[in-house]
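As they're listed, the protein sequences go chains A and B. Note that my numbering numbers the first sequence so that position 131 is 131, with each residue one more than the last. Heads up, my numbering is the position in the second sequence plus 1000, with the first residue counted as 1.
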Amino acid sequence: MSHLENLVLKIWRQNGPGDAGRFQSYRIDRISDEASFLEMLDVLNEKLIGEGLEAITFDHDCREGICGTCSLMIDGRAHGPQKGTATCQLHMRMFKSGDTIVVEPWRATAFPIIKDLMVDRSAFDRIIESGGFITASTGGAPEANLTPVPKPVADAAMDAAECIGCGACVAACPNGAANLFAAAKVSHLNLLPQGQAERWSRVQAMVESMDDYFGSCTNHGECEAACPKEISIDFIALMHSDYLKAKIKDRKLISQQ
Amino acid sequence: MAQAVQSRPPVTGSAVTPRKRRKFFLLDLYSTAVGKKYAMAISGIMLIGFVLAHMIGNLKMFLGAEDFNHYGEFLRELLVPILPRTVALWLMRFGLIAAVGVHIHAAYGLTILNHQARSVKYQGPRDYQVANFASRTMRWSGIIVFLFLFWHLADLTWGWWNAVGNDGTFVRGDVYGNVVRSFERVPVSVLYIVANIALGFHLFHGVWSLFQSMGWNNPRFKAWRRYIAVGIATMIVVGNVSFPLAVLAGIVGE
Ligand code: HEM
Ligand code: FES
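Shown next, in the form of structure tokens:
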């Protein structure tokens, strides 16, 4: 086990939603390279508390990359310099002694800052809610093979369902668009047979509620590069085509696709 | 820098939100961001079709004055006698004007939306991974091409500026002579070349982007989308830039 020395952290401090906020620099003299990025912040917070200063507020929960609570723009990249992982899975070995690391909250009008590095991502909940639920009655657990799902379809739906709703796509997007999030959430239901009944109304409602909060996709591809689950922008194309169909299809013919 | 925390409307848990009365479906579609991207993509495809045909048609200037002017006349005679002379040409022009109008209107609306979506910018530097120069300058390359379009019409269609800085006069119908007279002025040639390079960047991203906007990503051809974009952009830039260069080099001249 080795250590990193003399790190400088430039961290965004903001007392509350109304505060202007500013970067503040902190020194980390020595930290294990096996510490995760969040553990490093924990160590810093312990030190701050010991000095009678206010701890840095940041979001975290599972710390194993499955809950989507952690965020952080690290050196200008959502979830930091490692591909395909959330901030909680980022380790200090990705940095070098003497590095200056800039840490900012997600920035989007739809994600107002609550305090320091913590933002309110409930705009995502608004999109999910608008999509509604699946009306297929579940009852007791059905026989697993009652509804046949072809393997490639199940795989694609699963790829979309990997989305943990962390908001990195919006944070990374130069336009503050949420198309990757919405596309993942639309697609994991729209691909499956169980999701067909509300396919068109779902995509229409979710795309339109997205407009209330977020920007518009110009296909830079930054979202895919930032996504801790590496969800493909192919789903965005799928959502776009489903949205157009939602507008022009005769919904009585849903079984005809 | 202050932002308000969103107030939470009641959780409905259903897709049945009260919606305003639906407009005619095309207007309804256009009122959303995804719909505007469809409009941009379709108007973009129309404009690409024009730019390609325009470039290929202009290659006739390498065959000499007679062929080139004959081609100009052919455009005016298109679909005669089904339609009277120049009517087909004017229909195409109206289509293109409409396409430019829609394209710019949608670009403007979406740009505003995008700026509102990040009202407070990142305060530290961004480290972009895949966004490229072309994709990040679409608005600028688009504006350059649009301004150039005016110069181009004033120069070679209306003839306002065709004879400024040279000793000839603009002759309606002598397309070949007008082109040669215009490009013999070095600054004008440079302007054409710069504007076409801007167009090349616009299309490098635009052609790739339109597949995503239109929802065209069949795995059979998905991998080709970048090559198609590079191919179309290169073809248009090389073709168009060859005209001023040919005039300056004396390959095309009187
Ligand atoms: C007249 C001035 C123009 C302006 C202000 C303009 C602006 C824009 C903007 C802001 C975008 C969106 C960027 C994106 O989504 O990636 C765009 C996309 C595009 N533009 Fe233009 N543009 C102009 C002219 C043109 C011309 C002359 C052509 C074709 C020869 C063209 C073809 C395209 C295409 C194909 C797209 C992609 C559409 C899509 O993503 O769905 N544009 N333009
Ligand atoms: S804390 Fe749960 S994903 Fe990072």
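Every residue, glycine too, gets a C-beta built ideally from N, C-alpha and C.
- At a cut-off of 8 Å between beta-carbon atoms, W1208(B) makes contact with chain A.
- Take S232(A), set aside five residues on each side of it, and the residues of its chain with a beta-carbon closer than 8 Å to its own are D159, E224, in chain order.
- Bounds of the beta strand (DSSP E) holding D29(A) are 22-32.
- The closest CA to that of L1075(B), considering only E1066(B), I1082(B), V1087(B), is found on V1087(B).
- Under the three-state reduction of DSSP, M1(A) is assigned to coil, being neither helix nor strand.
- Interface residue (Cβ-Cβ distance to chain A less than 8 Å): K1121(B) is classified as such.
- Around the beta carbon of H3(A), fewer than 16 other beta carbons sit within 10 angstroms, so the residue counts as exposed.
- If you draw a straight line from the Cα of G1095(B) to the Cα of F124(A), it is about 40 Å long.
- For N219(A), the C-beta contacts it makes with chain B under 8 Å involve S1135, H1205, W1208, S1209, Q1212, S1213, in order along the chain.
- Take the alpha-carbon of S209(A) and the one of I127(A): they are about 6 Å apart.
- For T57(A), no beta strand (DSSP E) run applies, since DSSP gives it neither H nor E.
- At a beta-carbon threshold of 9 Å, the residues of chain B lying near I248(A) are F1025, L1029, ordered along the chain.
- Interface criterion not met: the Cβ of D99(A) is under 8 Å from no Cβ in chain B.
- Taking 7 Å as the cut-off, one finds no heavy atom of the ligand FES near enough to the beta carbon of D42(A).
- Counting only residues of its own chain and dropping the five nearest sequence neighbours on each side, I1236(B) has a CB closer than 7 Å to the CB of V1051, L1052, M1055, L1199, G1200, L1203.
- Between the C-alpha atoms of C67(A) and I1143(B) there is a straight-line separation of about 43 Å.
- Around the beta carbon of D1067(B), a 10 Å sphere encloses fewer than 16 other beta carbons of the protein chains shown; the residue is thus reported as exposed.
- Between V207(A) and V1171(B), the gap from beta carbon to beta carbon reaches 8 Å or more.
- Contacts with chain B at 8 Å (Cβ-Cβ) include D211(A).
- Note that the C-beta distance between G65(A) and Q89(A) is below 8 Å.
- When CB distances to chain A are screened at a threshold of 7 Å, not a single residue of the segment 1169-1185 of chain B falls below it.
- By the C-beta criterion, the segment 1163-1170 of chain B is judged not to be in contact with the segment 1221-1231 of chain B, since fewer than 3 inter-stretch pairs fall below 8 Å.
- The ligand FES has no heavy atom closer than 7 Å to the beta-carbon of G1035(B).
- The beta carbon of E222(A) is closer than 7 Å to those of A172, C173, P174 in its chain, skipping five residues each way along the sequence.
- Of the residues L1110(B), G1124(B), M1092(B), the one whose Cα lies closest to the Cα of I101(A) is G1124(B).
- Taking each of S1031(B), I1042(B), G1159(B), P1219(B) in turn and checking the Cα distance to F235(A), the smallest one comes out for P1219(B).
- Close partners of A1033(B) in chain A (Cβ separation under 9 Å): A177, N179, V207, M210, D211, F214, G215, S216, C217.
- At least one beta carbon of chain B lies nearer than 8 Å to the beta carbon of I233(A).
- Taking 7 Å as the cut-off, one finds no heavy atom of the ligand FES near enough to the beta carbon of H91(A).
- In this structure, the CA atom of S97(A) is about 26 Å from the CA atom of W106(A).
- Residue burial annotation: A237(A) is buried, with at least 16 other C-beta atoms found within 10 angstroms of its C-beta.
- The DSSP-derived three-state label of M1214(B) is coil.
- With a threshold of 7 Å, the Cβ atom of R77(A) does not count as near the ligand FES, since no heavy atom of the ligand is closer than that.
- Contacts with chain A at 8 Å (Cβ-Cβ) do not include L1199(B).
- Distances from the alpha-carbon of G84(A) to those of H220(A), Y243(A), E162(A), E5(A) put E162(A) closest.
- Close partners of Y243(A) in chain B (Cβ separation under 9 Å): L1029, T1032, V1034, G1035, Y1038, G1215.
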